[in-house]
């Protein structure tokens, strides 16, 4: 039989002055390779107390760390190597295996308040009797949900078997399963080091959401009930996305969530599924409120809620501006389960619709939270927060976060868990991004050139003003392109009509302001063109996020004129990369000058005609002119003038 070695069972480290120190650890190794203590790094110096429990006794050592080596005041051991050498060669008497490591550690409870910790006890049974040894059974004493930063559902820690081999920690669904559910590389943990937290416990940094892949292969693994899993399957959601893997266990555990994930990563599902599951457990009307910054996003979220909730009889109401107040009041009177609203119109109903109240709301969601919390909606959001219950669950989601979100977190969230699966302003890896440096007066010509060169794709073209959006749409129609505008001066019915025509591929080019830059999930967008560079750099992330969604590839090209250089440099700084130049043939571009110039003139005439009619007619009738569908080519226009 192989010789057994004594192993360290428990370690309690503390610093008498309660100062924070960092130590690196060579974790658990069996007797064949030698046993090691935790070894402090050069970042921390001072006096420590170390208690080591062996098979029959407990020994105490006073340790002084001077930045280079460890000194044991016990007298026998002067270095860590002396300590290891003394114990590793002593065989255990009358035992088949040794008990290894009872380690008290602490995990951050709140990202924003690093001094608050929940202690966790990890019990490990470690065997060196034969080749199949090294099995570890972890039991963790902590509040549910605090360990999800590893990407593990909290129940996993209490029900799975763990095995440690060399530097890999594996865990299994059952004790004798052949294949592990997941393998964690302990070297990833060691690079994060250990910290002294409040002077009492060691705290390994296990918050590695961006480094570890989740073991969850299905929504059921994350705790979603069968009826909702079937709904996900019908929507062809085959497996959870990263943000869903990280946030669903936390949300299902009843925690408030701040979710930060790149565009097109499944944020809507991340907050819709926990709400629907909670609604199944305790059905009631006026259960959840979802706030969005734009009307189109509200309708899109409603579609996803209704698709997921069809099998459970979910009723939703979309409350946005531009639609009839009385119709909406009737919808609210029927008390839907979920209200999806823009802040302004919701406040209108709170102030003017009799009998409407949000006192029973159990869930509040702010999608595109940074936009909702800016100055545009500040007063409306404050009014809404005053009339909804404090005892609620709150979820904030966005692709970009600002300090304003942190301010609201302190004001109205309770011990929120911050879930990040992307950098603060990250664009997806499947997105090809380019820029074109061109004179401002040639923007239209280069736009037509790109649309011709990449013909066959679907495009979203972003402009900075409603007028420019309308002008470019008219110009492109006169050149024979199937372009359609979407901007804030159109009625809500026209806006939805434009969006639906583009979604159904009836139109291949959507010309839009930033009203369409956030949240809209249009799967087939191949190319995003920024004709006008966004004034706010983070709007760039949202614009280009309309393509390359959910793992698909996409292309984004930004036009940079002589007036836009500073804005463009801010964007490059924000996303942390230098974009390549999109190559064009200038001769080919200039050949389009005459045709484009003629189309520009006709578009301008059409806009002037529309403005004249708008002045003569009532506002409601004038609205019909906002989005004329016929594509009057240059020849048709002249023919019509001759007939007159």
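In this note's numbering, the protein residues as written are 2 to 645. Think of the CB as a built atom: it goes at the ideal place given N, C-alpha and C, for glycine as much as any other residue.
Taking the straight line between their C-alpha atoms, what separation do you get for residue i and residue j?
{"i": "residue 324", "j": "residue 493", "result": "7 Å"}
{"i": "residue 449", "j": "residue 477", "result": "8 Å"}
{"i": "residue 605", "j": "residue 261", "result": "42 Å"}
{"i": "residue 402", "j": "residue 592", "result": "44 Å"}
{"i": "residue 327", "j": "residue 352", "result": "14 Å"}
{"i": "residue 244", "j": "residue 586", "result": "42 Å"}
{"i": "residue 306", "j": "residue 601", "result": "43 Å"}
{"i": "residue 376", "j": "residue 282", "result": "37 Å"}
{"i": "residue 133", "j": "residue 251", "result": "Here the model assigns residue 133 a pLDDT of 29, short of 50, so the residue's position is not dependable, and the following value carries that caveat. Cα to Cα, the separation comes out at about 35 Å."}
{"i": "residue 518", "j": "residue 356", "result": "35 Å"}
{"i": "residue 571", "j": "residue 538", "result": "6 Å"}
{"i": "residue 280", "j": "residue 504", "result": "31 Å"}
{"i": "residue 506", "j": "residue 580", "result": "30 Å"}
{"i": "residue 300", "j": "residue 364", "result": "19 Å"}
{"i": "residue 497", "j": "residue 349", "result": "22 Å"}
{"i": "residue 149", "j": "residue 367", "result": "Note that residue 149 has pLDDT 31, beneath the 50 cutoff, so the model's placement of it is unreliable and no number is given."}
{"i": "residue 277", "j": "residue 419", "result": "21 Å"}
{"i": "residue 293", "j": "residue 373", "result": "7 Å"}
{"i": "residue 483", "j": "residue 382", "result": "39 Å"}
{"i": "residue 421", "j": "residue 225", "result": "21 Å"}
{"i": "residue 387", "j": "residue 417", "result": "20 Å"}
{"i": "residue 437", "j": "residue 263", "result": "24 Å"}
{"i": "residue 414", "j": "residue 272", "result": "15 Å"}
With 16 as the cutoff for other CB atoms within 10 Å, does residue i come out buried or exposed?
{"i": "residue 227", "result": "exposed"}
{"i": "residue 610", "result": "exposed"}
{"i": "residue 334", "result": "exposed"}
{"i": "residue 613", "result": "exposed"}
{"i": "residue 546", "result": "buried"}
{"i": "residue 479", "result": "buried"}
{"i": "residue 648", "result": "Residue 648 is absent from the structure shown; the chain starts at 2 and stops at 645."}
{"i": "residue 491", "result": "buried"}
{"i": "residue 248", "result": "buried"}
{"i": "residue 541", "result": "buried"}
{"i": "residue 481", "result": "exposed"}
{"i": "residue 466", "result": "exposed"}
{"i": "residue 435", "result": "exposed"}
{"i": "residue 296", "result": "buried"}
{"i": "residue 256", "result": "buried"}
{"i": "residue 618", "result": "exposed"}
{"i": "residue 566", "result": "exposed"}
{"i": "residue 397", "result": "buried"}
Among the options, which one has its Cα closest to the Cα of residue i?
{"i": "residue 235", "options": "308, 525, 595, 506", "result": "308"}
{"i": "residue 316", "options": "337, 256, 297", "result": "337"}
{"i": "residue 598", "options": "443, 537, 568", "result": "443"}
{"i": "residue 573", "options": "376, 600, 535, 608", "result": "535"}
{"i": "residue 360", "options": "252, 582, 285, 367", "result": "285"}
{"i": "residue 439", "options": "274, 584, 496, 505", "result": "584"}
{"i": "residue 239", "options": "220, 458, 256", "result": "220"}
{"i": "residue 241", "options": "292, 266, 255", "result": "266"}
{"i": "residue 543", "options": "369, 596, 506", "result": "369"}
{"i": "residue 475", "options": "563, 437, 608", "result": "608"}
{"i": "residue 468", "options": "502, 560, 533", "result": "533"}
{"i": "residue 380", "options": "304, 255, 343, 557", "result": "343"}
{"i": "residue 223", "options": "246, 413, 454", "result": "246"}
{"i": "residue 595", "options": "263, 582, 386, 446", "result": "446"}
{"i": "residue 454", "options": "417, 566, 473, 558", "result": "558"}
{"i": "residue 684", "options": "523, 263, 603", "result": "This structure leaves residue 684 out entirely; the chain is present only between 2 and 645."}
Can you find the residues in the same chain that come closer than 6 Å, C-beta to C-beta, to residue i, ignoring five residues on each side of it along the sequence?
{"i": "residue 58", "result": "Below a pLDDT of 50, predicted positions are generally treated as unreliable, and residue 58, at 41, falls in that range; no measurement from the model is reported."}
{"i": "residue 499", "result": "485, 487"}
{"i": "residue 346", "result": "320, 321, 322"}
{"i": "residue 116", "result": "In this prediction, residue 116 has a pLDDT of 30, which is less than 50 and means its spatial position is unreliable; nothing more can be read from the coordinates."}
Excluding the five sequence neighbours on either side, which residues of its own chain have a C-beta within less than 8 Å of the C-beta of residue i, listed in chain order?
{"i": "residue 431", "result": "549, 552, 553, 554, 555"}
{"i": "residue 460", "result": "452, 509, 510, 511, 526, 527, 528, 529, 530"}
{"i": "residue 362", "result": "287, 288, 289, 290, 389, 390, 393"}
{"i": "residue 311", "result": "232"}
{"i": "residue 563", "result": "440, 441"}
Who are the Cβ neighbours of residue i in its own chain at under 7 Å, not counting the five residues just before and after it?
{"i": "residue 470", "result": "464, 486, 488, 512, 513, 514"}
{"i": "residue 318", "result": "332, 333, 337, 340"}
{"i": "residue 275", "result": "249, 252, 253"}
{"i": "residue 302", "result": "269, 291, 293, 341, 368"}
Could you tell me whether any Cβ in chain C is nearer than 8 Å to the Cβ of residue i?
{"i": "residue 437", "result": "In the structure shown, chain C does not exist; there is a single protein chain."}
Would you list, in sequence order, the uninterrupted alpha helix (DSSP H) runs of no fewer than 4 residues that lie entirely inside the segment 546-591?
566-576, 587-591
What runs of the alpha helix (DSSP H), each 4 residues or longer, lie entirely inside the segment 380-407?
none
Unbroken stretches of the beta strand (DSSP E), 3 residues or longer, contained in the segment 439-523:
460-463, 484-487, 510-513
4-residue-minimum alpha helix (DSSP H) runs that sit fully inside the segment 257-342, ordered along the chain
268-282, 296-310, 326-334
Whole alpha helix (DSSP H) runs in the segment 349-380 with 4 or more residues, listed along the chain?
370-373
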